[in-house]
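Trainee:
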Amino acid sequence: MPNLKTIFRRAHSADQMLAAIMALLVAGGLVILASASSNLGEVNYGDSYYYLKHQILYGLTLGIAGFLIASRVHYTWLKKVAFPLLIVSALCLLLVPFVGVTVQGATRWLAIGPITFQPSELLKITYILYLAAWLSGASRRRTQDVRTGFLPFLIVSGGIALLLMLQPATSTLIILLGSGLILYTFGGAPFKYFLISVLLGVVAIGALISITGYQLDRIKGFLNPSETSQAEGFHTTQALIAIGSGGITGVGYGESTTKVSFLPEPTDDSIFAVAAEEFGFIGSSIIVALFGSLVVRLYMLAWRTKDQFGQLLLVGFGTVIGAQAFVNMAVISGMGPLTGVPLPFISYGGTALAVFMTMIGISSNVSANN
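Final position of the sequence shown in our numbering is 1427; the numbers increase by one with none missing.
Rendered as structure tokens:
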């Protein structure tokens, strides 16, 4: 039985700035969600605060628990359970096509009693945990040798890719495996392995897009938004209208009109557009600055961390959060085809909020022990 003093030991205080930035994002996210979801809650459930209550009950509560536990349990203990956690999350993902819950036409959730969760969100933390443990648990050969390093990396990543393709969750696949590749390269892999992986990824994603028609429609909508404004480009067009309506200072909290009438998914991947409409360029810039500060802080802590496992965790979590936030805000601003990626800490989704808060909890623990 492990020694509890060993599991819960801390060398010094955790990084306060990391927790403060997370708290600002979470609190701001709840405020934005309360407005963005008010009309949908009233129409669908007769309660304008339904989505906010659900987010607090199943997202914030679990997120606080995950943050507190992860910030207290010594992060090196996670190295021992990283692979079992990856297997469990992969098995959950494998069950989705067979016993999954369908929401808005997508089957990406599993249900345990009244609680539903998204296994693909769990992979964002377990995959990074596994890679960090795997890369730091052996000699240099895991990044330099093909047979003991590059090939196992491709096999594990390819298996996860196949599971995500079954849903399909292309955007999650790109963000997660892209972050994993950056982490593998940061761990010391030759740049040629990076290029080979990118090439294989482009071919696989290209094949997936050609098979799944909805992804191709999204690309058409991005390339010709004006010509497809009533079809594939409708979502992007309405998001740009919302963002443009906000101007410099916004139309005022709760005063968004697009969330009520035309903007699709105002609580999920379009929530940044609602925030931009109500708080304007100034409010949008604050959100961007908070995400930028969080990612930079994680990278700075990684640079100061002497333990390789902790260093890799910080880089991996920072990359996942930064990539997902950038993709969401860039896409909804018309800089890329729609992906359906939610905005970390802000979009509606209990599993995602709990996972990202747990990531920061682990990161805080790394900072407290290095």
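Using N, Cα and C, we set each Cβ at its ideal position, and we do this for glycine too.
Among 1177, 1091 and 1132, which has the Cα closest to the Cα of residue 1228?
Mentor: 1177
Trainee: Which of the three DSSP states, helix, strand or coil, is assigned to residue 1348?
Mentor: helix
Trainee: Pop quiz: residue 1359 and residue 1070 are said to be a contact at Cβ under 8 Å. What is the actual Cβ separation, rounded to whole angstroms?
Mentor: Going by Cβ atoms, the distance from residue 1359 to residue 1070 rounds to 18 Å, so no, they are not a contact pair.
Trainee: According to the Cβ coordinates, are residue 1327 and residue 1333 closer than 8 Å?
Mentor: no
Trainee: Using the beta-carbon count (16 or more within 10 Å), is residue 1414 buried or exposed?
Mentor: Buried.
Trainee: Measure the alpha-carbon distance for residue 1191 versus residue 1209 and round it to whole angstroms.
Mentor: Each residue's alpha carbon lies about 10 Å from the other.
Trainee: How far does the alpha helix (DSSP H) with residue 1174 in it reach, from first residue to last?
Mentor: Careful: residue 1174 lies outside any alpha helix (DSSP H), inside the beta strand (DSSP E) at 1172 to 1174.
Trainee: Is residue 1318 buried or exposed, if buried means 16 or more other CB atoms sit within 10 Å of its CB?
Mentor: Exposed, since its Cβ has fewer than 16 Cβ neighbours within 10 Å.
Trainee: Between 1406, 1291 and 1261, which lies nearest to residue 1324 when the distance is taken from Cα to Cα?
Mentor: 1406
Trainee: Helix or strand or just coil, what does DSSP make of residue 1227?
Mentor: helix
Trainee: Could you spell out where the alpha helix (DSSP H) holding residue 1138 opens and where it closes?
Mentor: 1135 to 1156
Trainee: Only counting the same chain, and skipping five residues up and downstream in sequence, which positions put a Cβ closer than 7 Å to that of residue 1181?
Mentor: 1233, 1377 and 1412
Trainee: I need the straight-line Cα distance from residue 1308 to residue 1301, nearest angstrom please.
Mentor: 11 Å
Trainee: Tell me which same chain residues have a C-beta within less than 7 Å of the C-beta of residue 1151, skipping the five on either side of it?
Mentor: 1220
Trainee: Excluding the five sequence neighbours on either side, which residues of its own chain have a C-beta within less than 7 Å of the C-beta of residue 1310, listed in chain order?
Mentor: Here the set comprises 1092 and 1335.
Trainee: In chain order, what residues of the same chain lie with their CB nearer than 7 Å to the CB of residue 1214, ignoring the 5 residues before and after it?
Mentor: 1234 and 1237
Trainee: Locate the alpha helix (DSSP H) running through residue 1205, then write down its first and last residues.
Mentor: Where residue 1205 is concerned, there is no enclosing alpha helix (DSSP H), given that its DSSP letter is neither H nor E.
Trainee: Using only the alpha-carbon positions, how far apart do residue 1299 and residue 1401 sit?
Mentor: 20 Å
Trainee: Within its chain, find whatever has a CB closer than 7 Å to the CB of residue 1399; leave out the 5 residues flanking it on each side and keep chain order.
Mentor: Cβ neighbours of residue 1399 within its own chain (closer than 7 Å, five residues either side excluded): 1325, 1326, 1385, 1406 and 1409.
Trainee: Could you tell me how far apart the beta carbons of residue 1403 and residue 1085 are, in whole angstroms, since I believe they sit closer than 8 Å?
Mentor: 7 Å
Trainee: Flag this pair as yes or no: are the beta carbons of residue 1395 and residue 1314 separated by less than 8 Å?
Mentor: Their beta carbons are not under 8 Å apart, which means residue 1395 does not touch residue 1314 by this criterion.
Trainee: Using a 10 Å radius around the Cβ and a threshold of 16 neighbouring Cβ atoms, would you call residue 1362 buried or exposed?
Mentor: buried
Trainee: Keeping to the same chain, check which residues put their C-beta closer than 6 Å to that of residue 1241; ignore five residues upstream and five downstream.
Mentor: 1210
Trainee: If we count the other Cβ atoms within 10 Å of its Cβ and call it buried at 16 or more, is residue 1058 buried or exposed?
Mentor: Note on residue 1058: pLDDT 46, under 50, position unreliable in the model; the coordinate value appears next. It is exposed - the Cβ of residue 1058 has fewer than 16 other Cβ atoms within 10 Å.
Trainee: Figure out for me which residue from 1112, 1145 and 1157 has the closest Cα to the Cα of residue 1170.
Mentor: 1157
Trainee: Once you ignore the five residues that flank residue 1373 on each side, which residues in its own chain have a CB closer than 7 Å to its CB?
Mentor: 1185, 1188, 1189, 1236 and 1240
Trainee: Verify whether the separation of the beta carbon atoms of residue 1348 and residue 1393 is less than 8 Å.
Mentor: no
Trainee: By the 10 Å Cβ neighbour count, where 16 or more other Cβ atoms means buried, how is residue 1072 classified, buried or exposed?
Mentor: The Cβ neighbour count for residue 1072, taken over all protein chains shown within 10 Å, is at least 16; the residue is labelled buried.
Trainee: When the Cα atoms are used, what is the spatial distance from residue 1427 to residue 1193?
Mentor: Going by the C-alpha atoms only, they are around 16 Å apart.
Trainee: For residue 1139, which residues of its own chain have a beta-carbon under 7 Å away from its beta-carbon, when the five flanking residues on both sides are left out?
Mentor: Excluding sequence neighbours, residue 1139 sits near 1186, 1187 and 1190.
Trainee: Thinking just about the alpha-carbon of each residue, which of 1145, 1128 and 1295 is nearest to the one in residue 1075?
Mentor: 1128
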